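Have a look at the structure below before the remarks.
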Amino acid sequence: MKILVLNSGSSSIKYKCCEMPAHRVLASGLCEKIGEPAGRVTHHAGGREEVVEQAFPDHAAALEKVLALLTGAGGVLQRKEEIDGVGHRLVHGGEQFSGSVIVDDAVVDAVRANIPLAPLHNPPNLLGLEVARRLLPGVPQVGVFDTAFHQGMEPRAYLYALPYELYREDRIRRYGFHGTSHAYVSRRAARLLGRRAEDVNVITCHLGNGASMAAVRGGRSVDTSMGFTPLEGLVMGTRPGDFDPAVILYLLKDRAMSADDVNRLLNKQSGLLGLSGRTNDMREIEAGARNGDERAALALEVYCYRVKKYIGAMTAVLGRAHALVFTAGVGENSPTVRSKSLAGLEDMGYALDAAKNAAARGTEADISAAASRARILVIPTDEEIAIAEETYALISG
Ligand code: AMP
């Protein structure tokens, strides 16, 4: 069965065409700068890269080009009708979706109703969905939500101690994100331990440009660091994670900033970038810290200290973790962040093997010392493959 996975952003579409259930990637790529004068698709298939420079006035034009690349001369498909299903990454499913769904008009309406909860993400996600339904009529479309994996959290984990009406009337609560990634790597961790997902507790650290952590008990997320939006929790590339919300009042009143200014400050100017004053890229932060840049060193310290605090919190939530997983760009590739985040946690059950940690970059590895109570694992995340799995499972019944 051939599954097309789409991740539609405001000016980009990331795609992967997979043969399922073999998990074989036939083609993948990224269509960028949609709506700008100069657009580009980078297409990978059969070990080759093809770059097409072309303007795409809208998402429909971009997806048409993607379909043409998949089916054209030397393409991986003869006809677009060979696509058996399309899996869409949808960011916010609110409280309605605790799993993936086959998309119909009611699902589209529900995703639209959740736009106020994810104003940056849900509109382009919806656009991709609508365009795919139009260009591939009759092909089942599946929605896979970032929030769904966390919908099983109990009220004590998802409620903020704000007036209850704000939850009842406006649905202000913790939702959590990166759910597809947390679900995928926690399942994979159970498999690496040779146990059923139902029988293990796993802490998953998704450390990418966005970063979040989840406590997964028996295959279900019971708590997570991101909240109402993807701002809460860990330090990220350009987002601060936790801080006292009174700072926002101060910025609005005493610094006379507008709501838009504060929004920009929190989403684009904080985190590693804000602390270092230079970059949101962990590779450059680490290089700066090594070369005596004090602000880069400070950014690295704050980042890893926050990860450590959350590992403690998630361990308390679970009682004990059988495995702790590092994933995403930083988690998969940075021995420095992993060792700084776990330093001093040996008695809590997390002891690294320094040599294994130093060697693990971008591939699955057990980096724990023999004496470690919890297995410490590096597991590359693959959100597209996880979406293809969900799509295949739903449409094959
Ligand atoms: P992601 O959002 O998962 O694609 O992660 C992107 C981030 O991973 C980049 O911004 C980098 O900061 C980080 N990253 C990628 N490679 C490395 C590396 N070798 N060492 C440290 N950080 C890395």
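Numbering (the numbering used here), first residue to last: 35 to 431.
Note that the Cβ used here is the ideal one computed from N, Cα and C, for glycine as well.
Please read these numbers as outputs of a predicted model, since none were measured by experiment.
State the DSSP-derived secondary structure class of residue 297, mapped to helix, strand or coil. The count along the sequence shown starts at 1 and reaches residue 297 at position 263. In the structure shown, residue 297 sits in a helix (DSSP, three-state: H, G or I).
Kindly list the residues whose CB is nearer than 8 Å to the CB of residue 404, restricted to its own chain and excluding five residues on each side of it in sequence; keep chain order. By 1-based counting over the sequence shown, the position of residue 404 is 370. So the qualifying residues of the chain are 387.
Under a Cβ-count criterion, where at least 16 other Cβ atoms within 10 Å of its own Cβ denotes burial, should residue 381 be classed as buried or exposed? As a position in the sequence shown, residue 381 is number 347, starting the count at 1. Label assigned to residue 381: exposed.
So what's residue 361 in DSSP terms, helix, strand or just coil? Within the sequence shown, numbered from 1, the residue matching residue 361 stands at position 327. Note: residue 361 maps to strand in three-state DSSP.
Give the straight-line distance between the Cα atoms of residue 166 and residue 216, rounded to the nearest whole angstrom. Working through the sequence shown from its first residue, we reach residue 166 at position 132. Working through the sequence shown from its first residue, we reach residue 216 at position 182. Those two C-alpha atoms are separated by around 26 Å.
Residue burial classification, residue 287 (beta-carbon count within 10 angstroms, cutoff 16): Here residue 287 corresponds to residue number 253 of the sequence shown, with the count starting at 1. With fewer than 16 Cβ atoms within 10 Å of its Cβ, residue 287 is classed as exposed.
Grab the span of the beta strand (DSSP E) containing residue 243 for me, first residue to last. What you label residue 243 is simply residue 209 of the sequence shown in a count that begins at 1. Taken as a continuous stretch (DSSP letters only), residue 243 belongs to no beta strand (DSSP E), as it is neither H nor E.
Complete runs of the alpha helix (DSSP H) confined to the stretch 378 to 411 [at least 4 residues]: 388 to 393
So which residues touch the region around the ligand AMP, with touch meaning a C-beta under 5 Å from any heavy atom? 242, 243, 315, 316, 317, 362, 363, 364, 367, 368
Please classify residue 77: is it buried, with 16 or more other beta-carbons within 10 angstroms of its beta-carbon, or exposed? Mapped onto the sequence shown, residue 77 falls at position 43. So residue 77 counts as buried.
Helix, strand or coil: how does DSSP classify residue 257 here? The residue labelled residue 257 in the question sits at position 223 within the sequence shown. Strand at residue 257.
Which residue from 372, 412, 408, 391 puts its Cα closest to that of residue 398? Position 364 of the sequence shown, counting from 1, holds the residue named residue 398. Minimum Cα distance to residue 398 is reached at 412.
Run through the stretch 193 to 232 for me and flag every whole alpha helix (DSSP H) of 4 or more residues, listed as ranges in chain order. 198 to 204, 213 to 227
Since residue 238 sits in a beta bridge, which residues does DSSP pair it with? The sequence position of residue 238 within the sequence shown is 204, counting from 1. 248, 359, per the DSSP bridge assignment.
Below 6 Å CB to CB, which residues in the same chain sit around residue 248 once its five sequence neighbours on both sides are set aside? Within the sequence shown, numbered from 1, the residue matching residue 248 stands at position 214. The residues are 216, 238, 255, 258.
In three-state DSSP terms, what is residue 41? Taking the first residue of the sequence shown as 1, we reach residue 41 at position 7. Residue 41 falls in the strand class under three-state DSSP.
To the nearest angstrom, how far is the alpha carbon of residue 316 from that of residue 364? Indexing the sequence shown from 1 puts residue 316 at position 282. Indexing the sequence shown from 1 puts residue 364 at position 330. Rounded to the nearest angstrom, the two C-alpha atoms are 7 Å apart.
For residue 179: DSSP bridge partner residues: By 1-based counting over the sequence shown, the position of residue 179 is 145. Per DSSP, 124.
Count the other CB atoms within 10 Å of the CB of residue 88; is the residue buried (16 or more) or exposed (fewer)? Along the sequence shown, one-based indexing puts residue 88 at 54. By the neighbour-count rule (16 or more Cβ atoms within 10 Å), residue 88 is not buried but exposed.
Just to confirm the assignment, what range does the alpha helix (DSSP H) spanning residue 342 have? As a working mapping, residue 342 is identified with position 308 in the sequence shown. 328 to 352 is the extent of the alpha helix (DSSP H) around residue 342.
Starting from the C-beta of residue 261, find all residues in its chain whose C-beta is less than 6 Å away, skip the five residues before and the five after it, and write them out in chain order. By 1-based counting over the sequence shown, the position of residue 261 is 227. Here the set comprises 208.
Is there contact here, the stretch 125 to 144 with the stretch 175 to 182, by at least three beta-carbon pairs under 8 Å? yes
Leaving aside the five residues before and after residue 169 along the sequence, list all residues of the same chain whose C-beta is less than 8 Å from its C-beta, in chain order. One-based indexing of the sequence shown puts residue 169 at position 135. Cβ neighbours of residue 169 beyond the five flanking positions: 94, 97, 98, 101, 114.
State the CB to CB distance for the pair residue 379 and residue 342, rounded to an integer number of angstroms; the pair is presumed to be in contact (CB under 8 Å). Locating residue 379 in the sequence shown gives position 345, where the first residue counts as 1. Locating residue 342 in the sequence shown gives position 308, where the first residue counts as 1. Right, their Cβ atoms sit about 7 Å apart.
Go to residue 47, then tell me how far its beta strand (DSSP E) extends in each direction, as first and last residue. Position 13 of the sequence shown holds residue 47. Counting along the chain, the beta strand (DSSP E) containing residue 47 begins and ends at 47 to 53.
Between residue 240 and residue 81, what straight-line distance do the alpha-carbon atoms span, to the nearest angstrom? Position 206 of the sequence shown, counted from the first residue, corresponds to residue 240. Position 47 of the sequence shown, counted from the first residue, corresponds to residue 81. Roughly 28 Å separates the two Cα atoms.
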